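Engineer: Everything in the sequence shown is counted per my numbering, starting at 3 for the first residue and increasing by one.
Structure provided below as structure tokens; questions to follow.
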Amino acid sequence: MRTPRAEPRHALLLALVAVAATAVLLATSGQGAGQGAEPPTSAAGWRGLVGSRPRVALGQRVIVVLKTPSLAQRVARAGGIVSTRRERAWTNATLAAQRLLVSRLALQGVPVHPDYSFTRVLDGFSALVDASAVPIIERDADVEGVFPVRVAYPATISTRVLSRADFGPESGHRANVAASGVDGRGVTIALLDTGVDSAVPYLRGRVQQGIDVITGGVDAQAAARPDDPTQIERHGTQMAGLLVGAGGPSGLTGVATGSFVLPIRVAGWQPDALGHWAIYARSDQIVAGLERAVDPNDDGDAHDAARVALVSLAEPFAAFADGPEARAAAGALALDTLVVAPAGNDGRTAAGYGDVSGPGGAPKVLTVGAVDTRSETDRARIVVRAGLTTLLDASTALAGAVRPAGRLDLQIAVPRGTIGGTRRTAPRLADFFTRKGVSVVAGRAALVPVGASPAPAAARASAAGASAVLLYGGHATLAAGGLGLDEAVAVALRAAARTPNVEQGRVASFSSAGLAFDGRVKPDLVGPGVALATSDPGASADGSPRFVTVNGSSAAAATVAGAAALLAQARPSLGADALAGLLVGSARPLVGEPITSQGAGFVDIGAAAAGEVAASPSTLALGRSTGAGWRVKAAFTLTNLSTRAVKLTLAMRTLTEGAAAVDFSIRPARINLPKGGSVLVRLNAITASAPSGDATAEGNVLVAIQGGGGIHIPWAIAFGANDVDLITGATLSEKSFEASDTKPVLLGVDAGQVLDVAGRPQIRPVRQLDVLLYRSDGTAVGLLARLRDVLPGRYTFGITGRAPDGQLLPPGDYQLRIRAYPVEPGVPSVRRLPFSRR
3 MRTPRAEPRH ALLLALVAVA ATAVLLATSG QGAGQGAEPP TSAAGWRGLV
53 GSRPRVALGQ RVIVVLKTPS LAQRVARAGG IVSTRRERAW TNATLAAQRL
103 LVSRLALQGV PVHPDYSFTR VLDGFSALVD ASAVPIIERD ADVEGVFPVR
153 VAYPATISTR VLSRADFGPE SGHRANVAAS GVDGRGVTIA LLDTGVDSAV
203 PYLRGRVQQG IDVITGGVDA QAAARPDDPT QIERHGTQMA GLLVGAGGPS
253 GLTGVATGSF VLPIRVAGWQ PDALGHWAIY ARSDQIVAGL ERAVDPNDDG
303 DAHDAARVAL VSLAEPFAAF ADGPEARAAA GALALDTLVV APAGNDGRTA
353 AGYGDVSGPG GAPKVLTVGA VDTRSETDRA RIVVRAGLTT LLDASTALAG
403 AVRPAGRLDL QIAVPRGTIG GTRRTAPRLA DFFTRKGVSV VAGRAALVPV
453 GASPAPAAAR ASAAGASAVL LYGGHATLAA GGLGLDEAVA VALRAAARTP
503 NVEQGRVASF SSAGLAFDGR VKPDLVGPGV ALATSDPGAS ADGSPRFVTV
553 NGSSAAAATV AGAAALLAQA RPSLGADALA GLLVGSARPL VGEPITSQGA
603 GFVDIGAAAA GEVAASPSTL ALGRSTGAGW RVKAAFTLTN LSTRAVKLTL
653 AMRTLTEGAA AVDFSIRPAR INLPKGGSVL VRLNAITASA PSGDATAEGN
703 VLVAIQGGGG IHIPWAIAFG ANDVDLITGA TLSEKSFEAS DTKPVLLGVD
753 AGQVLDVAGR PQIRPVRQLD VLLYRSDGTA VGLLARLRDV LPGRYTFGIT
803 GRAPDGQLLP PGDYQLRIRA YPVEPGVPSV RRLPFSRR
């Protein structure tokens, strides 16, 4: 395709309401700091700015978890101090038990060929397994459970930026997480992400030779897309820059400049459901990455484990507490590796269970949400006219990092396929060109829909030569600075106006919120996660290093992982659990933000380094109250990490009462704790009144230290009935059929629910979904199928006319019983479907 001009190939981006016009006038904004505040960014609009998600087909790939102990469990039982020889022997014993199980299954007609075997953080393996074989595996005495493999995505998107003054130390485009006298020296941070371009000057040799889990290679360089070598994996390089970068423009640095990054490539170019190449990771690849994070040299012992492991990926909505990823994170913690992960980028939900991603929903993961720390944003005045009629005259946010130098008079152009100036679907690149290959938007303002992901549409318009891109649609209030453009157009497009960022210090609206599915407060804490400057693979056209900004909870997780490295250097005697306890307990609460969005608050590395007491767990799982008289018990351990004895006073603080009054008791309330001592604290709560509505009750357990200082432990209680039907539909394609292995009858089950509460979604997942076979007289035949950790959706099973043992059923009448168990204690939802085997 050709473009009939030699102008920069990038465009100014603005967010505006839907319009149809022939010309646009862009002038300097006249809005001052004292005028109306910019409306909060919608989460739906932000989803486009934190990355679109390709559809991935995983087939019938599962993770089989065994009951025999992993290396981590054996080390924990031995008190944490074990010789190298014994750890290697335990690892070999665990692997031998897996091989024995695989052999035993083969004798039962279930061939299993593991993709990955796990022995250190988890005892298990992943493999492609036919659904009919799952009950056979589940019945084995050595099997704990069979879990689905999920897809995880990088939880940020990057945008090209400029090395200019407004990205200086006070701009908010830097993490600004630092502690006096420490830089993370001597600490290794395992980075589970895409490959890393270790040749980037900003990383200055702080990247070790990595591990490629996807290919099995001994290097973890950023890979090119197999069918397009110009597209390079970027996310890992960007996270590495946030962790250890130094020597950037205007003194830009990462958080832990003295640390080393061990890149472990668990995400990268892999085929999607359509056979195209997409960047993603599978959950079994993440677990395999944690295996190598605790044993980088792969010799069977974990004495060389990384101190911190950043999993900068998100499995959308999968906040399960007992899945393989959660178990693997607990195993890593037992081997003294702190796992840090993003909360996710799906915005806030209704009260109740939130939309925290996996592995961030796991109890032993340090889960991080994102805060907007920018001091200013860009705005421009836009005037849209059709002839003599003014259609729009307003100040709007610049969604890009590039700003107009002054007044621009541009004709509006729309991509092909647009009728009346609007369209519902995102345009393809070809839509910006005529059939003869001439750009229809070159030198003009391209009017394109926001859609679910505006970044690709804006990039296509820019590539077609548009001078500006006007984003319209239902989610037009995109965050200023959320989309960015190449620095080559800086001279032509300068700032129209800089205005104070009214969202500064607020949790970003894209940042996912809790509760996790075990009722636990998640995220644990928050960190900077909007428009942070960092490195990018490759070089600019003039050969200079390339820098970008990144948005998302992955970026926030990277800043907190860097803070954990600083704390590990400052307090080298502390274990991974204590590091997490100090970071969470000392975090600075954000006024006006709910506990379910911020956890304990904004990371404060200085306070953490000076901390004397830590709690484990550092946030509480109190769950959901079903009404007056509902009770819950919880416990946590306080440990004295200081060099002196301390006197502690404990108190409950309720910040938001929520839908009902809750009475608490805590024992002991006063504690004398010697140096190095620990004490178990028990908490009881009872709902003292009938709930009115569903607002969440929130607060903190305050632990005050005599003489000054202390920590806080966040808690939250949701309210709602426990009678939600977790099976909204169940059908058989035929009710009378002959047995057939090649043409089974299809059982469709709609499991779980996504409720609409006050315009926001509330997720009701399923802990376990069973399909059982009964005779017509009510006697049980056995388990036909089982799914664990089920997100709301439609699930299909093949009914062949065979019994659970594989034998043909005698002709007669039977019944299927489908049971869906909630994630909290409670009775299952049940459906019964009769059928006849002819």
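Just so it is clear, CB atoms sit at the ideal spot from N, CA and C, and this is done for glycine as well.
As the structure is a prediction and not an experimental result, all values here were calculated from the model.
1) In three-state DSSP terms, what is Phe-434?
2) Hey, quick one: how far does the alpha helix (DSSP H) through Glu-293 stretch, first residue to last?
3) What residues are listed by DSSP as bridge partners for Met-654?
4) For Pro-326, which residues from the same chain have a beta carbon less than 7 Å from its beta carbon, with the 5 sequence-adjacent residues on both sides left out?
5) Between the beta-carbon of Ser-627 and the beta-carbon of Pro-525, is there less than 8 Å?
6) Is it right to say Arg-840 is buried, meaning 16 or more other beta carbons lie within 10 angstroms of its own, or is it exposed?
7) Return helix, strand or coil for Gly-50, following the three-state DSSP convention.
8) Is Glu-846 helix, strand or coil by DSSP?
9) Per DSSP, His-714 forms a beta bridge with which residues?
10) Give me, in chain order, the residues of the same chain whose beta-carbon lies closer than 6 Å to that of Pro-591; leave out the 5 immediate sequence neighbours on both sides.
11) What residues in its chain sit with their C-beta under 8 Å from that of Ser-644, if we drop five residues either side in the sequence?
12) Let me confirm a value: Pro-824 is counted as buried when at least 16 other C-beta atoms fall within 10 Å, else exposed. Which label applies?
13) DSSP state of Val-189, grouped into three classes?
14) Quick one: Cα of Thr-598 to Cα of Ala-720, how far?
15) Could you round the C-beta distance between Leu-835 and Leu-734 to whole angstroms and report it? I think they count as a contact, below 8 Å.
16) Is it buried or exposed for His-237, if we count other Cβ within 10 angstroms and need 16 for buried?
17) Would you call the segment 313-331 and the segment 93-106 touching, i.e. three or more CB-CB distances under 8 Å?
18) Pick from Asp-579, Leu-585, Val-370: whose alpha carbon is nearest that of Phe-512?
19) From the DSSP output, in three-state form, read off Pro-251 for me.
20) Whose CA, out of Val-268, Asp-348, Ala-283, lies closest to the CA of Asp-274?
21) Among Thr-391, Asp-579, Val-562, Thr-798, which residue has its Cα nearest to the Cα of Gly-78?
22) Would you call the CB atoms of Gly-711 and Ala-518 closer than 8 Å?
23) Which runs of the alpha helix (DSSP H) at least 4 residues long sit entirely within the segment 574-642? Give them in chain order.
24) Here's a check: name, in chain order, each residue in its chain whose Cβ is nearer than 7 Å to the Cβ of Arg-446, leaving out the five neighbours to either side.
25) What residue does the alpha helix (DSSP H) around Pro-429 start on, and which one ends it?
26) Do the segment 553-568 and the segment 659-671 meet, that is, are 3 or more Cβ pairs less than 8 Å apart?
27) May I ask you to report which of helix, strand or coil DSSP gives Gly-243?
28) Would you say Leu-107 and Ile-139 are within 8 Å of each other, going by their C-beta atoms?
29) For Ala-822, which option in Gly-540, Asp-791, Gly-631, Gln-809 has the closest C-alpha, if you only look at C-alpha atoms?
30) Determine the DSSP secondary structure at Pro-265, reduced to helix, strand or coil.
31) Taking the CB atoms as reference points, tell me whether Leu-292 and Leu-193 lie closer together than 8 Å.
32) Determine the DSSP secondary structure at Thr-196, reduced to helix, strand or coil.
33) Across which residues does DSSP place Thr-279 in a beta bridge pair?
34) Would Ile-2 and Val-179 qualify as a contact pair, given that the criterion is a beta-carbon distance under 8 Å?
35) Using three-state DSSP, classify Val-77 as helix, strand or coil.
36) For Pro-344, name the three-state secondary structure that DSSP assigns.
Structural biologist: So, to answer that:
1) helix
2) 285-296
3) Val-703
4) Ile-65, Val-67, Leu-124, Gly-126, Phe-149, Ser-285, Val-289
5) no
6) exposed
7) Model confidence at Gly-50 stands at a pLDDT of 36, short of 50, so the residue's coordinates are unreliable and nothing is read from them.
8) The structure shown does not extend to residue 846, since the chain is modelled only from 3 to 840, so the question has no answer here.
9) Leu-704
10) Gly-603
11) Glu-614, Val-615, Lys-677
12) buried
13) coil
14) 10 Å
15) 5 Å
16) buried
17) no
18) Val-370
19) helix
20) Ala-283
21) Position check: residue 78 holds Ala in this sequence, whereas Gly was assumed. It is Asp-579.
22) no
23) 578-587, 597-600, 607-611
24) Leu-412, Gln-413, Ile-414, Ala-415, Ala-468, Ser-469
25) Element bounds for Pro-429: n/a, residue is neither H nor E.
26) no
27) helix
28) yes
29) Asp-791
30) strand
31) no
32) coil
33) Correcting the residue identity first, residue 279 is Trp in this sequence and not Thr. Partner(s): Pro-273.
34) Not covered by the structure: residue 2. The range shown for the chain is 3 to 840.
35) helix
36) strand
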